[in-house]
Every structure is written in C-alpha cells, then in structure tokens.
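Trainee: Handing you this structure, nothing more for now.
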Amino acid sequence: MDRQGNIINPSEDPKLSKETVLNFYQKMTLLNTMDRILYESQRQGRISFYMTNYGEEGTHIGSAAALDPSDLVFGQYREAGVLMYRGFPLDLFMAQCYASTDDLGKGRQMPVHYGSKDLNFVTISSPLATQLPQAAGAAYAIKRENMNRVVICYFGEGAASEGDAHAGFNFSATLECPLIFFCRNNGYAISTPTNEQYRGDGIAARGPGYGMLSIRVDGNDVFAVYNATKEARRRAVAENQPFLIEAMTYRIGHHSTSDDSSAYRSVDEVNYWDKQDHPISRLRHYMLAHSWWSEDDERSWRKQSRKMVMEAFEKAEKRLKPSPELLFTDVYQELSPSLNKQRESMWRHLQQYKEHYQLDLYDK
Amino acid sequence: MAAAVTRFFLRGAGSKVPNTGVSTRGHSSFGATLLKLSPSCNVRTKTQRRHAAHFTFQPDPVPTQYGPTQKMNLFQSITSALDNTLANDPTAVIFGEDVAFGGVFRCTVGLRDKYGKDRVFNTPLCEQGIVGFGIGVAVAGATAVAEIQFADYIFPAFDQIVNEAAKYRYRSGNLFDCGGLTIRAPWGCVGHGSLYHSQSPEAFFAHCPGVKIVIPRSPVQAKGLLLSCIADKNPCIFFEPKILYRAAVEQVPVEPYTIPLSQAEILQEGSDVTLVAWGTQVHVMREVANMAQEKLGVSCEVIDLQTILPWDTETVCKSVVKTGRLLISHEAPVTGGFAAEISSTVQEECFLNLEAPISRVCGYDTPFPHIFEPFYIPDKWKCFDAIKRMINY
Ligand SMILES: Cc1ncc(C[n+]2csc(CCOP(=O)(O)OP(=O)(O)O)c2C)c(N)n1
Ligand SMILES: [Mg+2]
Chain A
1 MDRQGNIINP SEDPKLSKET VLNFYQKMTL LNTMDRILYE SQRQGRISFY MTNYGEEGTH
61 IGSAAALDPS DLVFGQYREA GVLMYRGFPL DLFMAQCYAS TDDLGKGRQM PVHYGSKDLN
121 FVTISSPLAT QLPQAAGAAY AIKRENMNRV VICYFGEGAA SEGDAHAGFN FSATLECPLI
181 FFCRNNGYAI STPTNEQYRG DGIAARGPGY GMLSIRVDGN DVFAVYNATK EARRRAVAEN
241 QPFLIEAMTY RIGHHSTSDD SSAYRSVDEV NYWDKQDHPI SRLRHYMLAH SWWSEDDERS
301 WRKQSRKMVM EAFEKAEKRL KPSPELLFTD VYQELSPSLN KQRESMWRHL QQYKEHYQLD
361 LYDK
Chain B
1 MAAAVTRFFL RGAGSKVPNT GVSTRGHSSF GATLLKLSPS CNVRTKTQRR HAAHFTFQPD
61 PVPTQYGPTQ KMNLFQSITS ALDNTLANDP TAVIFGEDVA FGGVFRCTVG LRDKYGKDRV
121 FNTPLCEQGI VGFGIGVAVA GATAVAEIQF ADYIFPAFDQ IVNEAAKYRY RSGNLFDCGG
181 LTIRAPWGCV GHGSLYHSQS PEAFFAHCPG VKIVIPRSPV QAKGLLLSCI ADKNPCIFFE
241 PKILYRAAVE QVPVEPYTIP LSQAEILQEG SDVTLVAWGT QVHVMREVAN MAQEKLGVSC
301 EVIDLQTILP WDTETVCKSV VKTGRLLISH EAPVTGGFAA EISSTVQEEC FLNLEAPISR
361 VCGYDTPFPH IFEPFYIPDK WKCFDAIKRM INY
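Line by line, the protein sequences give chains A and B. In case it helps, UniProt numbering puts the first sequence at residues 1 to 364. In case it helps, UniProt numbering puts the second sequence at residues 1 to 393.
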C-alpha cells in the first residue's frame, strides 16, 4: 500500500473483508484517542507517567491480526495496540494507568505496564530486552506442547543492542523455537538515533548471522505488516524456527511524558511523518477508495470513540487504590513469616500514625 | 469533578482542528489536540492528589574555602564536576545512553558542544557494553566516566563490575587496573518510580571488594565527592539521588575541589541517639532529629555516611560509644541491606556501650511498589517511632 492507500502490488493484497479492515481502523484510531487522553491526563498530574504509541499503530494492529489469540505475546512497552486488538477493555487500560483497585497488576507498576493472562499477554517489565531470551524459552516449551502456537516478542531497535537480544536470537535459532521476533524500528531510542545504535544494515540484517529468517517491512503499511507476520507465523509453526521481522516506522510522540524530543530532533522531521506517512491516514485512504468509510462515519466514530475512552477514564479516576495489604503479597507465592511480621508492623504503624497517611484513598 | 472534566474534554473535542476532515491528507490528529484541558479543570479530586515529597532538603552553609560559588541544583553540580574534569584531564571521556544531548536527567548538558563529540558521546543501548568499554578506557590509562541511565538498569553490567572492574588490580598482581573508571547512576525513590526507577542497589556492590561506592546528599557534596571518585585510583560507583536533581539547590564552588572518600560527616552533634543514613535519607534523618528534640527532648547525632564502601567505621562507632543508641535507615529492603553490615560491625565494636538494640528502619522485603510507595519508604514517622522505642527500651 502506498501513502495514498493504493495497493502497489495486487498479488500482495491480503484481500481482507470490509469488516476486518474497519476493525483495523477502529482499533488503530481508538488506540490513538486513548493515547491522547492519557497523555493529557499525565500532563495534568492525574496519572504519574505515560507513553504514547503515535505513528506505530500499524505495526501493532497488523501484527496482532496475523496471530492466533492463543499465541503468547512478550512486549516491550509500546505495544498497547496489540493488547487492544485482543480485546483488552478500555476500563482495564485505565485501571492500570491509574493503579486503581481494578488493575490486574495490583497497582505495583508504573503506567503502561499492562498484562493479561486471559489474553496471553505477558506483563510488561521495564528493563529492556529481558523478554527476548524469555520468549525463546517460552517458544521452546510451546513447541514441546505441539499445539500449533507461536510466541511473538516485540522490542525496539534500541533494545536490540542489549546483550539479552543476542542471547534471545541465538538461543531461539539453535534451539529451534517457534518464535517471531518483531522489532519496531522507530528511528530512536529516547534521544539516540539509529546511526548511533548500529552501523550494520538495521536489525533484519542480523538474522542471517544467527541462521534466522528475517524480513524488513514498511511498518506504516498495516497490510504489509499483516502479510509479513502471517508468513512468519506460518513458517515458525511449520518449521519450528524463529523469524525476525523489522518493521520500519517512526515514533511521532515524545519517548514518554518524561521526555521533550524537541531537544534532539526537529519539528519538521516529526511533522513529515505525522502528515505524510501516517499508518492511520494510509488505511483511511484505502477505505475511502473502497467506499467503505465516509466523512459521516469518521465524525460519528470519532465522537463515539472519544466518549468510550472518556467514560472509562472517569470511571478509573473515581476508583480507590488497591489495599496496602497487596504491598506484601506475591513476593513469593506464600507470605513468609518474616514478611508477615513486616506486614503486621506496617499496619500497626499506620494505625498509630494514621493522620499522616492518606489511607482513605485506598481499599481496606 | 469528574463531570467537569468530561465537559472540558468534550468542549475541546468540539473545537475544530486542521486536518481532521476525512478527505484531508494529514493524519495528525485523530481524537486530537482537542483534549487540551483548560487549567481551570485542573482541580483535583481526592484520588488524584500526588503525595508531597517525603523529605525537606536542608542546604548546608555556603562553603568558603574553594573560591567563588554559584547557585546550582544537584544535576548542575554534577555537570560542573564533569566540566572541570574534561577541562583539566585531556584523556577524560564521558559516555552512556543519551549522554550526548545532555542525558535524561540533564547532567551532561552542553558538554558535548564544549568538548567535542569524541569526548562526550552516546553509546549503543547496552549497560554491560558501557561498563566493559569504560574498564577498557581505564586499563589503557585514560579517565572514563560512564553513565548508567538508572541504577535499576545497572544489573546487565553486574558481571563487568563485580568480576572485572573490582578484581582487575588484584588478579593481575597490580600490573593492570581500571582505577580511572567512575560509574555514575541516578538512584533512589522519586515518589512514583515503582519497581524499576526507584531502587537503591548499593548493598549488592558493597559485597564486592575492589569497588568504592559513594552517595552524596547535596549539590556541594555531589561535586566534591564525584571529583574524588574520578581522581581516585580505584573503580568507583557514584549513585546520585535523583529526587534531589532539581529539589536540592545550594551555592556550589565553580572551581574543582574534592571531599575525601571513606569519611563520614557528622552533620549534627547529639548525645542520646546516633542516626546514620546517606543520600536523600539524610534529610529525613535531619528532620527526625528535630522532631525527636521537640517532641521527646531527645538529642540526636546525625551522620551522613557518604561512602558506603569502604565505610568509615571509626566515626560511626565513636558516635555510638557516646550515645549508646543507633538507628540506621535506607530505602532498600532491610534484609541484606547495608544497614545490616553497619549494625553488625557496631555490635561487635560497641557491644558494652549499647543501651538498646540497634534499630534499622528500611524498605520492606518486597520489590519497590508504585502506588504503595508512601507505605513502603522509611519515612520520618517510622524513624521517629523507632527512636521512641529505643529510648523507652
Ligand atoms: C536495561 C535498560 N536500560 C535502559 C533503560 C532506559 N530506557 C527505557 S526506554 C529506552 C529506549 C528504548 O528504545 P527502543 O528499544 O528503540 O524502544 P522505543 O522507545 O523506541 O519504542 C531506554 C534507554 C531501560 N528501560 N532498561
Ligand atoms: Mg526505538
């Protein structure tokens, strides 16, 4: 698909149904709307931190759609769209970012560290690239189950410089793991541009060095991402081997709410990608050309999606925080005697000095 | 309140923004810019309030012995130390993730432009690489100042630090060393950092003879101690309390100066209880000492340990001989924390002087939690309560 949404090579048209394509579009735009509202809410101090996915929506939705829902996902942190595609409700995104009592992670992690057992999405961890060798191990175990599942492991081109990335690549190749490595090459690791990250031919070129199939794909073309991931999945399952995808995209937003990217890149550069090559506008052009979407549809969907996000947002904001009791659980499967003593001493302390703690914000 | 918020969101949404029409080319803004909330709706409901800082920074008197001073916060005092180093030592290089544009905490702002990109540069994103590279620079006789973006992310470099840097001199019979290496890393809690932007990992490295570990409490201390680390002929880890980067402001000497390593500083003399801490927690202790004086009439001696390894046992033990009571406090989990080491040494040295069991007020034995941070940290009330219990023992 080119920037005007025309299919360049008809033989590569995935020929998805109208319903599927509309779903792609709605998920990509819903993600974008959620990002804008949560970004703004961080700016106002309502949540402590946020990371947007602007400009990378195509890599999330295209790859997620090509997988089976039972495939296990290891993410980095900028893959909220994958979880959204799988049906993670807005309420739970909000609950995690607000660390409310409804947060499946029990309020322990920073915003955007989502996880869902039901949706086979392993909880995000901040230390970079640690998920790569873990994904290899998971894929190895899944291969032995023989259930035609694969593991997909997302990571940034920056994280690919970590030693763990090498371990993950090499283990998965030598141990023949049905694993898709999905690299989001968005041009930057915080302020560091790719030419200070590597001097070879990107991440895809590393595949052959490990004896691993690899492909580079236009990450802003949701269909191309879909095709590549579909084929990678097919081969990973059929041949029990890892497959490396490098999706070329661009991080339109700041790295996170702690970052101001104007310190290291020009507004013109950002605008170029935002205005000229955005995965959402590409797909919209495609839908318009097929008369699957109209200006009215756009308007009403916008209104509706914004309302959905706002409702979830408000709901989460009103909820209590999880009980302080949960500070001590899950360190081990069982509560050790010494930790139990610490727990009791915390409660005694909070009882005695309660006027100095905002206990009313927390569940009992 | 929530209703007002919605109204503002929706009102914003109604205002027209360029490129929102279906037929326009740009994507730019689905769900849009539109969400700019007016400041007036920034009134917070109870659930949204952020916690106030758990400490009050106490600046020291303006130092007079090192020449002219300038107002600096802690990150600027680090920049100043690095600036002095680059100016005076032509072999010195400074590197790490995102260091070139000034670093995510702004500690290296302006240095690349001033000294060139061969001296202040980005590395690929790889902590084991950063430390290994730094060791190599030092082994070749140059000065290396390596930045690890957060202390929480130092662990990929654990092998390079523990098995390489710490043992270089010993294993080569002093033929080779990497004493020219200093590793800097932002450290400690910030109020909302959760598991991986809050840790205080000094105890892991304190189990490792051959490295020095230093943690400053203020801009003036930070500059002098960092320059000592850089000058020191042993590999040093310099942990910077990141909550103080902006919150701590002092008059800092512009010229280079050093503050001796392995010397604790008595910040306040007292007769009843010795309080030992380092980094941010020193300020909690100072406040606690005032509380103890006011509310209990108890006189506390406050000691900033400053160097964790090798630490100043003499200053601490002398103080405990005088007061007979010791409270040690750090944010890291209590089990195996450095307070345990201090406690054990003091117990050996001062057993007959002790009037009460040594008290440790530290983090619980859990990972550092996000929303529970106010309950997790060893705040002033927990420390105050520990003093009360020691006095009443
Ligand atoms: C081990 C480790 N080192 C450093 C960091 C700090 N950090 C967080 S994100 C980031 C950049 C990652 O860039 P990339 O992998 O390209 O992902 P992107 O943010 O571009 O999606 C860094 C350096 C970290 N989280 N973990
Ligand atoms: Mg990147």
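Glycine residues also receive a C-beta, built at the ideal position from the N, C-alpha and C atoms. Because the structure is a prediction, the values reported are computed rather than measured.
1. Would you call the CB atoms of G5/A and H278/A closer than 8 Å?
2. What does a CB cutoff of less than 6 Å around D13/A pick up in its chain, not counting 5 residues either side in sequence?
3. Enumerate in chain order the residues of its own chain whose CB-to-CB distance from S194/B is below 6 Å, with the five nearest sequence positions on each side excluded.
4. For V104/B, decide whether its Cβ has a neighbour in chain A, counting only Cβ atoms nearer than 8 Å.
5. With 8 Å as the threshold, decide whether the Cβ of K27/A is near any Cβ in chain D.
6. If you measure beta-carbon to beta-carbon, which residues of the stretch 106 to 125 of chain B are closer than 7 Å to chain A?
7. Residue range of the alpha helix (DSSP H) that H330/B falls in?
8. Could you name the residues of the stretch 75 to 103 of chain A whose beta carbon sits closer than 9 Å to any beta carbon of chain B, in the order they occur along the chain?
9. Determine, using beta carbons only, whether K388/B comes closer than 8 Å to chain A.
10. Would you say Q128/B touches ligand 1, meaning its beta carbon is less than 7 Å from a heavy atom?
11. Between M94/A and the rest of its own chain, which residues show a CB-CB distance below 6 Å, the 5 nearest in sequence each way excluded?
12. Please check if any C-beta of chain B sits within less than 8 Å of the C-beta of residue 375/A.
13. Please state whether DSSP places D118/B in a helix, a strand or coil.
14. Give a yes or no on whether the minimum CB-CB distance between F8/B and chain A is below 8 Å.
15. Residues near ligand 2, CB to any non-hydrogen atom under 7 Å, in chain order?
16. Whole angstroms is fine: what's the gap from E250/B's alpha carbon to Q263/B's?
17. By DSSP's criteria, R184/B is part of a beta bridge. Which residues make up the other side?
18. Could you tell me which residues DSSP pairs with E301/B in its beta bridges?
19. Suppose you measure from the CA of D363/A to the CA of K341/A; what does that come to, to the nearest Å?
20. Distance check for A292/B and I387/B, CA to CA, integer angstroms please.
21. Put E202/B into one of helix, strand or coil per three-state DSSP.
22. Exposed or buried, which one is G173/B when buried takes at least 16 other CB atoms within 10 Å?
23. Tell me which residue opens and which closes the beta strand (DSSP E) that K71/B is part of.
24. Chain A beta carbons: is any one of them nearer than 8 Å to that of K71/B?
25. Please check if any C-beta of chain A sits within less than 8 Å of the C-beta of S23/B.
26. Please say whether R251/A and G187/A have beta carbons closer to each other than 8 Å?
27. Roughly how many angstroms separate the alpha carbons of Y153/B and Y196/B, rounded to a whole number?
28. Which chain B residues are close to Q109/A, counting only those with a beta carbon under 8 Å from its beta carbon?
29. What is the DSSP secondary structure of R319/A, counted as helix, strand or coil?
30. Give a single yes or no on whether E162/A has its beta carbon closer than 7 Å to a heavy atom of ligand 1.
31. Rounded to the nearest angstrom, what separates A160/A and V254/B at their Cα positions?
32. Output yes if chain B places a C-beta closer than 8 Å to the C-beta of M1/A; else output no.
33. Under 7 Å between beta-carbons, which chain B residues line up against P322/A? List them in chain order, please.
34. Would you check whether ligand 1 has a heavy atom nearer than 7 Å to the C-beta of Y198/A?
Mentor: Answer, in terms of the structure:
1. no
2. I7
3. H370
4. yes
5. As a matter of chain content, chain D is missing from the structure shown, whose protein chains are A and B.
6. N122, P124 and L125
7. Run containing H330/B: none in the alpha helix (DSSP H); it sits in the beta strand (DSSP E), L326 to P333.
8. Y98, A99, S100 and D103
9. no
10. no
11. A312, F313 and A316
12. With chain A covering only 1 through 364, there is no way to say anything about residue 375/A.
13. coil
14. Caution is warranted here: a pLDDT of 29 is assigned to F8/B, below 50, making its placement in the model unreliable, and no coordinate value can be reported.
15. G156/A, E157/A, G158/A, R184/A, N185/A, N186/A, G187/A, Y188/A, A189/A and R251/A
16. 21 Å
17. E147/B and F238/B
18. T274/B
19. 21 Å
20. 8 Å
21. helix
22. exposed
23. T69 to N73
24. no
25. In this prediction, S23/B has a pLDDT of 33, which is less than 50 and means its spatial position is unreliable; what the coordinates show is noted afterwards. By this cut-off, S23/B is an interface position.
26. yes
27. 8 Å
28. S194, L195 and H370
29. coil
30. yes
31. 40 Å
32. no
33. I371
34. no
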